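Residue numbers (the numbering used here): 16 to 423. Read the structure below first, then the notes.
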């Protein structure tokens with residue numbers, strides 16, 4: 016198919032011929048299907064779309080994609096002068112924060128007033144009409160010997176509206192005292208913003224052929240490589256394939272590095288294995304999702320552990336609940352001393368299942384690195400919805416995870 020047009024700019028101008036790219040084996044930049052019932056307005060609209068995608072020289076303009084993202088409305092406190100003075104004066108302070116894929120992850124610095132301490136983040140998505148508390152996990156003691164670090168993660172719904180704010184403050188409970196970091200009574204604000212970016216900014220000419228751009232002159236220039244962003248799977252609620260913990264000072268690690276660098280490179284590099292006993296967490300139960308009556312159990316009890324994995328001293332699990340109402344609360348209660356004491360960990364919403372009747376929540380428990388061998392961790396799951404409370408305690412026996420020791 017060919018389309019001809021005559022543009023008369025002067026008496027000596029010649030008639031120009033225009034043909035479609037697919038006639039010469041190239042790809043069409045834009046395709047618009049016009050049915051016989053289409054009116055003249057539809058044809059003009061199609062021509063307008065083609066014109067909008069090309070510049071005055073006929074080159075392809077970048078297509079723009081609009082996406083939503085979360086952006087902090089404050090400077091990270093650790094980047095300000097006097098950060099440590101602020102920690103010592105109010106005993107708790109946000110240190111840093113990062114936002115990615117509607118997940119807000121942050122670090123908190125607290126004064127080490129006692130061994131037993133509790134750090135939580137209270138946040139709201141509706142100007143404090145409702146709020147929720149997320150417990151922060153202990154990370155490490157700082158080199159100054161006076162402060163500790165805690166980490167937290169908040170999952171914001173992906174349908175959070177543009178220009179709305181998530182507000183949060185930090186609560187620190189220790190030695191029967193309560194301390195708050197509310198950003199000098201203003202709270203910390205994270206805004207949902209919308210921005211656009213070009214999705215085909217590498218296009219230079221009329222036709223796209225493979226990985227090269229074909230210009231009218233016939234010259235070809237290679238496309239530029241776009242930067243790729245890498246993030247850890249656990250930030251999106253997924254499981255990590257493997258986790259390796261490297262202590263800050265370890266003579267065996269230094270010895271391994273020396274052996275690695277001094278190996279015979281002509282015959283290929285070889286790994287140096289450190290022969291020492293390792294402690295692992297091992298579940299003492301069969302994954303509920305692998306049983307035949309898993310869904311029947313979910314509908315009968317309204318809540319059930321689905322799967323669980325252990326990486327070093329971190330336990331990650333997925334919970335399945337029935338969708339009884341919109342507002343729901345899922346927590347995991349665990350103990351390390353046979354219920355002489357216990358702690359509750361909040362589970363985060365992941366997604367609704369395709370059956371439309373159940374939903375998935377995920378949880379993460381960070382345990383002390385110095386767990387004793389043969390120690391058993393017990394836990395059960397609590398589900399609150401529609402002013403009702405349901406428990407999954409593995410048919411009254413609780414879920415058990417044992418710390419074992421093996422040689423690599």
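Where is the CB? At the ideal position from N, CA and C, for every residue including glycine. Since the model is a prediction, treat every value here as computed from it, not as a measurement.
Please name the residue, chosen from the options, that lies closest to residue i on a Cα-to-Cα basis.
| i | options | result |
| --- | --- | --- |
| residue 192 | 311, 126 and 405 | 126 |
| residue 389 | 380, 316 and 418 | 418 |
| residue 386 | 146, 294 and 139 | 294 |
| residue 176 | 146, 203 and 209 | 209 |
| residue 405 | 345, 84, 140 and 166 | 345 |
| residue 161 | 203, 99 and 170 | 99 |
| residue 296 | 247, 85 and 328 | 328 |
| residue 299 | 323, 307 and 313 | 323 |
| residue 367 | 357, 351 and 343 | 343 |
| residue 424 | 83, 317 and 158 | As shown, the chain starts at 16 and ends at 423. That puts residue 424 outside it, with no answer to give. |
| residue 401 | 317, 171 and 97 | 317 |
| residue 204 | 307, 141, 411 and 331 | 141 |
| residue 81 | 199, 211 and 396 | 211 |
| residue 143 | 32, 201 and 411 | 201 |
| residue 102 | 163, 121 and 113 | 163 |
| residue 391 | 35, 353 and 257 | 353 |
| residue 409 | 351, 301, 36 and 156 | 301 |
| residue 321 | 96, 34 and 414 | 414 |
| residue 155 | 130, 44 and 309 | 130 |
| residue 313 | 43, 396, 357 and 41 | 396 |
| residue 95 | 398, 43, 198 and 307 | 198 |
Report yes if the C-beta distance between residue i and residue j is below 8 Å; otherwise report no.
| i | j | result |
| --- | --- | --- |
| residue 362 | residue 378 | yes |
| residue 311 | residue 338 | no |
| residue 168 | residue 118 | yes |
| residue 105 | residue 194 | yes |
| residue 111 | residue 93 | yes |
| residue 421 | residue 325 | no |
| residue 376 | residue 360 | no |
| residue 347 | residue 394 | yes |
| residue 88 | residue 196 | no |
| residue 435 | residue 181 | Past the edges of the chain, shown from 16 to 423, lies residue 435, and the structure says nothing about it. |
| residue 206 | residue 86 | yes |
| residue 380 | residue 349 | yes |
| residue 319 | residue 407 | yes |
| residue 158 | residue 122 | no |
| residue 255 | residue 330 | no |
Per DSSP, which residues does residue i bridge with? Please list them.
| i | result |
| --- | --- |
| residue 363 | 377 |
| residue 406 | 397 |
| residue 207 | 85 |
| residue 298 | 416 |
| residue 162 | 126 |
| residue 192 | 189 |
| residue 331 | 324 and 379 |
| residue 306 | None; residue 306 has no bridge partner. |
| residue 182 | 139 and 204 |
| residue 153 | 165 |
| residue 148 | 137 |
| residue 319 | 335 |
| residue 350 | 393 |
| residue 311 | Residue 311 pairs with nothing; no bridge assigned. |
| residue 345 | 398 |
| residue 421 | 293 |
| residue 170 | 118 |
| residue 132 | 189 |
Less than 7 Å separating the Cβ of residue i from some heavy atom of the ligand GDP?
| i | result |
| --- | --- |
| residue 138 | The ligand content of the structure shown is nil, which means the ligand GDP is not present either. |
Length at least 3, wholly inside the region 91 to 129: the beta strand (DSSP E) runs in chain order: 107 to 115 and 118 to 126
contact_flag[the region 184 to 200, the region 114 to 129] where n(CB pairs < 8 Å) is 3 or more: yes
Cβ contact check for the region 321 to 340 and the region 366 to 373: 3 or more pairs under 8 Å: yes
At least three beta-carbon pairs within less than 8 Å, the region 128 to 140 to the region 150 to 165: yes
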